[in-house]
Every structure is written in C-alpha cells, then in structure tokens.
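Numbering (the numbering used here), first residue to last: 3 to 182.
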C-alpha cells in the first residue's frame, strides 16, 4: 500500500545571491598625504534555503575580497575571506496539549513578528546593523518559543541565546550578547 506524500515531506531548495563592488579613492588632506591611491574589492553572498518536513535551514556562503585592486596590483582570490554560515536551522511545528494547540519553534532563528520598519523583536535578542554599507549576512539567535493564538491575539513565551553566531564580532557586540 502506498501512502500519499504530503508537500512538506519533500525537500525544497531556494537560493538567492548578491554581489557588491566597493571602491575607495584616497586623497591628500591639509594635514597628511594619502597612503596609496585607491582600493577596489568585489564581495559576494550566496544564500540557500533548505526545507524538509518541519525543519528549515538558511545557509550562506559569504566571500569578501574575491577581487582586489590595491595600489595598482590586481588579484583574484588572493586574499579572499570565505565563510560558510548557518544563519538559521530550526524545527517549527505544533504541540497538542489537551484541547490547546501551541506553535513551537526551536533552533537558530531570526525572530521577526512583522511589527514595523523601525523596530523588530529580534533587536532585543540580537541587534543588527541598520543601513550597512556592503553585504551583510544576518544570523539568528538560539530560540525556543511557544505561541498560543486566541481571539485577542497571540501569546508567546520565548527563551533566547544570542551567542550562537558564527561571524567574527567586535568587543562591543560580544559585550552585548545575552542569554535569557
């Protein structure tokens, strides 16, 4: 006997990419001479979203300095900094407790309840750079949440750990990490 395969029992893959080219031209000032003349850099980002049943993951290949033109010397792949990042990897499903259905999320997630442009709940757990110059791979935080929906809205209990990031962080970012 063959059971029908539900759509969520199949693997699905989606991808997106971005490329940025940065250039900086140095000029003399009244106080000092420029050190070098110009610097050009090519950076790239490849995102792959993978879904299978209730598990989803967002993986990123982030490459900086694929092409460098520094002081007249051109170089491809010479000083490239390549990182494979797990931006999200989580299980999302439902738990039935008596007559109540709870939505459950567990894993590394970017929490966004869609409340507006100026503020996101994720900012409480893992702040991100606003208006960055160049490509940014925003990682999620470690999250466990239970959500209950009723006629007055949604009620969510959430526990987070912002130290789950893989990217190099400044001392300020490390000091701002939270667990709670």
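By construction, the Cβ of each residue, glycine as well, lies at the ideal position given by its N, Cα and C atoms.
Pairwise C-alpha distance: residue j and residue i
i, j, result
"residue 154", "residue 165", "34 Å"
"residue 79", "residue 15", "28 Å"
"residue 97", "residue 157", "15 Å"
"residue 18", "residue 76", "28 Å"
"residue 144", "residue 106", "13 Å"
"residue 86", "residue 37", "33 Å"
"residue 94", "residue 62", "20 Å"
"residue 56", "residue 139", "23 Å"
"residue 114", "residue 99", "25 Å"
Counterpart residues of residue i in DSSP-defined beta bridges
i, result
"residue 41", "26 and 72"
"residue 53", "14 and 58"
"residue 144", "110 and 163"
"residue 63", "48 and 86"
"residue 20", "47"
Spatially closest choice to residue i from the options, by CA coordinates
i, options, result
"residue 83", "12, 72 and 64", "64"
"residue 102", "29, 162, 149 and 39", "149"
"residue 163", "151, 152, 112 and 138", "112"
"residue 25", "139, 67 and 161", "67"
Close-in-space but distant-in-sequence residues of the same chain around residue i (CB under 6 Å, 5 per side omitted)
i, result
"residue 5", "Low local confidence applies: a pLDDT of 34 at residue 5 is under 50, so the model's placement there is unreliable, with the coordinate-based value given in what follows. Within the same chain, residue 5 has no close Cβ partners at all."
"residue 23", "44"
"residue 53", "14"
"residue 69", "44 and 78"
"residue 71", "42"
"residue 21", "46"
Contact set for residue i: own chain, Cβ-Cβ below 7 Å, skip 5 residues either direction
i, result
"residue 60", "49, 51, 89 and 90"
Per-residue burial, residue i [other beta carbons within 10 Å of its own, 16 or more giving buried]
i, result
"residue 74", "exposed"
"residue 3", "Note that residue 3 scores 34 on pLDDT, short of 50, meaning its location in the model is unreliable; the coordinates nonetheless yield the value given after this. The residue is exposed, with fewer than 16 neighbouring Cβ atoms inside 10 Å."
Chain D contact for residue i (CB, 8 Å cutoff)
i, result
"residue 94", "Given the protein chain composition of this structure (a single chain), no chain D is represented."
Own chain residues within Cβ distance below 8 Å of residue i, not counting five before or after
i, result
"residue 39", "27, 28, 73 and 74"
"residue 110", "88, 89, 90, 91, 92, 141, 142, 143, 144, 145 and 166"
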